[in-house]
Amino acid sequence: MNEWTLIEQLQEGDESAFKFIVDNWKDMVYNTALSIVQQAEDAEDVTQEVFVQVYQSIRGFKRESKFSTWLYKITLSKAMDHERKKKRKKRFAFVKSLFGEGSEAVVNLPDFNHPGVTLDNKEKAGILFKAMQSLPENQRVAFVLNKVEGLSYQEISEVMDTTVSAVESLLHRAKTNLRKELKNFYGQNKK
Amino acid sequence: MYEKHEIDRKIEETLESLNGIRRAEANPFLHTRIQARLAQSRSALERVVLFAGRPAFAFFVLVIVLVTNLMVMMKGSADATAVKQEQTQLAVADEYHLDVASLYDYENPEP
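Top to bottom, those sequences are chains A and B.
Here the first sequence stands for residues 210 to 400, numbered as in this note's numbering.
Here the second sequence stands for residues 991 to 1101, numbered as in this note's numbering.
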């Protein structure tokens, strides 16, 4: 089915068009969200929120970009909002613990295991995903879009509303920062 | 030196560990769950609209608007009366030269 026809149908409230969109794009949205939030339950929540927003605001989609670009933008926005909320909760819990309030322990979750990683790379990928949590937002987004979703620099620039050279710069800085983080990790965990 | 080489090798291998990654698959029942969420948000909106449409609520809003208008009008009318009174007083004082005497007038009386 042609993308624009589908969107027109959805804008007219066609439920079957919406189901088609969900079924065809859900893995893309889920995979992107999962790579940012690194927890399956949270990624599922984010995915549902993304499609709810698509349904509610499809009439505002101006066709100035591809549908997939628009979808990536919504996904990344929701996923990063989720991450910021999580960080705020952690900070708040930490401050509360300083005052002796709240006996809830801060749970350190085990390393994230992306289900799509090849078996022989599972352990190293877990270490990499953990290191990615320390990246600044823009670098993290660019890295996920390139390495996990396999987008080209051009496609990433359209999603992030920036230039190709800015994307190159972001990826270069992301790798530099990840190398630093990994150097600390391997330096402390000599085996 | 060997250790540094070893660490560098591990770092590069780690950076390449996402090569060949496949997309994670979403829940096959995702569409059903999204429909449930949409239905929930619709019913919440419906509850707000229904409440706002109740005659008692509409009457309450009308009363608030009327009372606010009355208060503004009364304040406006009180201000207008005060201004008029002040203007009348000034006109009478001017007519009968009832200005407040200044030190200059005491020291320099008119011949």
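The beta carbon of each residue, even a glycine, is placed where N, CA and C say it ideally should be.
Every value quoted in this text rests on a predicted model; they were computed, and no experiment measured them.
Proximity of residue i and residue j at Cβ, strictly below 7 Å
i, j, result
"residue 254 (chain A)", "residue 1015 (chain B)", "no"
"residue 1032 (chain B)", "residue 240 (chain A)", "no"
"residue 338 (chain A)", "residue 352 (chain A)", "no"
"residue 390 (chain A)", "residue 340 (chain A)", "yes"
"residue 388 (chain A)", "residue 1001 (chain B)", "yes"
"residue 220 (chain A)", "residue 268 (chain A)", "yes"
"residue 326 (chain A)", "residue 1011 (chain B)", "yes"
"residue 1027 (chain B)", "residue 261 (chain A)", "yes"
"residue 379 (chain A)", "residue 347 (chain A)", "yes"
"residue 231 (chain A)", "residue 1021 (chain B)", "yes"
"residue 330 (chain A)", "residue 1007 (chain B)", "yes"
"residue 285 (chain A)", "residue 376 (chain A)", "no"
"residue 291 (chain A)", "residue 246 (chain A)", "yes"
Classification of residue i by the beta-carbon crowding that lies within 10 angstroms, buried from 16 upward
i, result
"residue 264 (chain A)", "buried"
"residue 1064 (chain B)", "exposed"
"residue 1009 (chain B)", "exposed"
"residue 287 (chain A)", "buried"
"residue 398 (chain A)", "exposed"
"residue 295 (chain A)", "exposed"
"residue 213 (chain A)", "exposed"
"residue 1054 (chain B)", "exposed"
"residue 1037 (chain B)", "exposed"
"residue 395 (chain A)", "buried"
"residue 243 (chain A)", "buried"
"residue 383 (chain A)", "buried"
"residue 257 (chain A)", "buried"
CB contact check: residue i to chain B, cutoff 7 Å
i, result
"residue 324 (chain A)", "yes"
"residue 256 (chain A)", "yes"
"residue 382 (chain A)", "no"
"residue 270 (chain A)", "no"
"residue 333 (chain A)", "yes"
"residue 386 (chain A)", "no"
"residue 229 (chain A)", "no"
Beta carbon proximity, residue i to chain A, threshold 7 Å
i, result
"residue 1013 (chain B)", "yes"
"residue 1003 (chain B)", "yes"
"residue 1021 (chain B)", "yes"
Contact test: residue i Cβ vs the ligand ZN heavy atom, cutoff 6 Å
i, result
"residue 223 (chain A)", "Although the ligand ZN was asked about, the structure shown includes no ligands whatsoever."
Does the region 272-281 of chain A touch the region 359-379 of chain A, meaning 3 or more C-beta pairs lie closer than 8 Å? Contact holds: three or more Cβ-Cβ distances are below 8 Å.
Length-filtered (4 minimum) alpha helix (DSSP H) runs lying within the region 224-270 of chain A: For the region 224-270 of chain A, whole alpha helix (DSSP H) runs of length 4 or above, ordered along the chain, are 224-246 and 249-266.
Residue ranges of each alpha helix (DSSP H) run of no fewer than 4 residues wholly in the region 1014-1047 of chain B, ordered along the chain? With a minimum length of 4 residues, the continuous alpha helix (DSSP H) runs that stay inside the region 1014-1047 of chain B are 1020-1042.
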